[in-house]
Every structure is written in C-alpha cells, then in structure tokens.
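The structure appears right after this line, and notes come after that.
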Amino acid sequence: MGQQAPCCANKVVQVCCNEKRRNSVHLAFEPRREVMGHWTAVHEAMADDTLTVPVPRHVFVQYCKSCVYPELVRSPSCAPVPETVGAFEVYVDSLVDAVLGLTLPSARVELGKHAFSYAVLLAGEFYGSAQHKGEDRLSLAALRRPTDEFGRLRDTFDADWSMVQKDPSGRADLVSFVSHFTWKHSSLLNATSQSYEEFLERTFKACLAMMLPVRRQTLGGHPFRYGALLAGEFHFPSLEDKSVAAADVLELGVLEVPGVCTSRVDSLREKY
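Right under this line is the structure:
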C-alpha cells in the first residue's frame, strides 16, 4: 500500500465531508458517528478496505487539512479565516504528538483507532481567530448544556476546572495542569508517572495550539476541558495484573487493548 496522503481532490474524502455537512444540518453532533465517518474515509483514501491499518502522521495531518479544516471554515458558528490553514496544521501536528503519548512509555509513530478518534474530535475545536472560541461540539464549556449521556462527564470537567490552580486572570498554566491531573489520576499511576507527565505536557501544548494564531501560555475553560478529556484517555497501567487500558469515556468503541476485561474499563470511567 502506498504512503501518499489523501489530498483535497480525493473524491472519497470529499464525498464523506459533503455527506456529513448535509446531515449535520438535521442532526445534533454525534461523536461516534463523526469518528466512524472519518476513520472510514481516511482508510478509503489510503486504499485500505480492512479499516484496521494505523494512520501515519502525515496522512492524518493532510486528511484534517483536506476535510476537517474546510468544514470549520464553512460552519456559521465557527469561522476561522482561510489564511490560518498553516496554524491549523501546527495544531493538528501537536495533536498527533499528544495522542502518540497515550501509550507512553511505549513509543508509537502511527495513530491507531483510539488515538485517531480522539485526535480527530479535538481537531474540530480549532479557534483560527481571536474572535472565535472553538465550536465546543461536545458542549463541555457551554453555559447551556444539552440533556444527554455526557452530562456527568461535563460535571466532572467543571469540577476539574473549579479545582485547578489558576493565575490572577483566571487561567491555568502548564504546572497547574500537570499537577492537577497527576493528582487526580494518582491511584492509577506507578512507575509510569513520569511518562504520564510527559503526555500531559504534550496535551497542554496541543491545547495551546488549539487557540492559534493567537499565542498563549495558559488555558481558559474551553481548551482546558478538552485537555481534561484527553488526559483521562492515557493507557493507565494496572497495579495488579500489569495490563493497560484506556477509558474511552465517550464510548466510541475504539479500544484496542487486548485482554482487558470490561470491568477494568468501567472502573477507569468511574475515575473520571
């Protein structure tokens, strides 16, 4: 199979994007459907009909530029100017760095289904201008929240935002971000605590890049909450049986870790 990235002219990618745009007018945002659409489209563009091959970094970046970014520009509620495509590419590249850290200390160079799914969801939260604050498709930071299955998750991230130490302007810096989530998930960490801190640093950097082209060193409530979402998806080690598992708290059905029982994953979700 060739390693060429799909381009804007790729018909498979474009058909997928057009179909999702038509449906999004009539349907509320559905993360599971969104992820499956992207996963299928990128594999069709890669000429892989098994839907199992990990996605290389350059393919993911190009796919997001050719499909996710045009959707953002066209969205009435989310309008980064077209000239910010370069900033978007920087953001997506930093997302790849973050999700490849999900399995630290094990090193990966391509995105499996779990990493791809959470990265492509966060790619849609790009700011693109000083006026735009991110689409917040999961309503994690919205004042008015939908009544749906993610209500408890929103409450959890509200609590995280309330507890994290902030600067005088009410924003969270790198030290407070890392400190909060290492404290929150301390019961799940053993010798991998250093790896988790490295992952959190990558996640924080990606959340800063979310706000490009405006350059900041601290996070407000919106990027913080999406960082909190990713922070809980680390492949935490089991202190009992040496296995690893991620929560997949959105229940996207994308977990790839063999030999992990359902109760282990459920217990991770409880720790959110």
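Going by the working numbering, the residue at position 156 of the sequence shown is 581; the numbering climbs one at a time, nothing skipped. We put the beta carbon where it would ideally sit given N, CA and C, even for glycine.
Looking at the structure shown, is Ala555 part of a helix, part of a strand, or coil, going by DSSP? coil
Exposed unless 16 or more other CB atoms sit within 10 angstroms - verdict on Thr477: exposed
Could you give the first and the last residue of the continuous alpha helix (DSSP H) run that contains His463? Pro456 to Ala470
Between Gln590 and Gln642, what straight-line distance do the alpha-carbon atoms span, to the nearest angstrom? 15 Å
Bridge partners of Glu535, per DSSP? Pro481
What distance in whole Å lies between the Cβ atoms of His647 and Ala566, which are believed to be in contact at a cut-off of 8 Å? 4 Å
Could you give the distance in angstroms between the alpha-carbon of Phe513 and the alpha-carbon of Trp608? 31 Å
Checking the sheet assignment: what are the DSSP bridge partners for Leu644? Ala597
Does the distance from the C-beta atom of Leu677 to that of Phe629 stay below 8 Å? no
Nearest-angstrom Cα distance between Ser688 and Pro662? In this predicted model, Ser688 has a pLDDT of only 41, less than 50, meaning its place in the structure is not dependable; the value taken from the coordinates is given anyway. Taking the straight line from one Cα to the other gives about 15 Å.
Within 10 angstroms of the Cβ of Arg457, are there 16 or more other Cβ atoms? Answer buried if so, exposed if not. exposed
Count the other CB atoms, across all protein chains shown, that sit within 10 Å of the CB of Ser491; report buried if there are 16 or more and exposed otherwise. buried
Counting pairs of beta carbons, one from the segment 550-565 and one from the segment 633-640, are three or more of them closer than 8 Å? yes
Same chain, Cβ closer than 7 Å to Ala548, five either side skipped, listed in chain order: Cys489, Val493, Val517 and Leu520
Among the residues of its own chain, which have a CB less than 8 Å from the CB of Asp474, if the five just before and after it don't count? His468
In chain order, what residues of the same chain lie with their CB nearer than 6 Å to the CB of Ser620, ignoring the 5 residues before and after it? Leu529 and Pro530
Taking Glu623 and Gly537 to be in contact with their CB atoms under 8 Å, please state how far apart those CB atoms are, rounded to whole angstroms. That belief does not hold up - the Cβ atoms of Glu623 and Gly537 are roughly 19 Å apart, past 8 Å.
Rounded separation between His660 and Val484 - CA only: 24 Å
Secondary structure at Pro495, three-state DSSP: helix, strand or coil? helix
How many angstroms separate the CA atom of Gly462 from the CA atom of Ala671? 22 Å
When Phe541, Gly652 and Gly511 are compared against Pro495, the one with the closest alpha-carbon: Gly511
With H, G and I counted as helix, E and B as strand and the rest as coil, what does DSSP make of Phe575? coil
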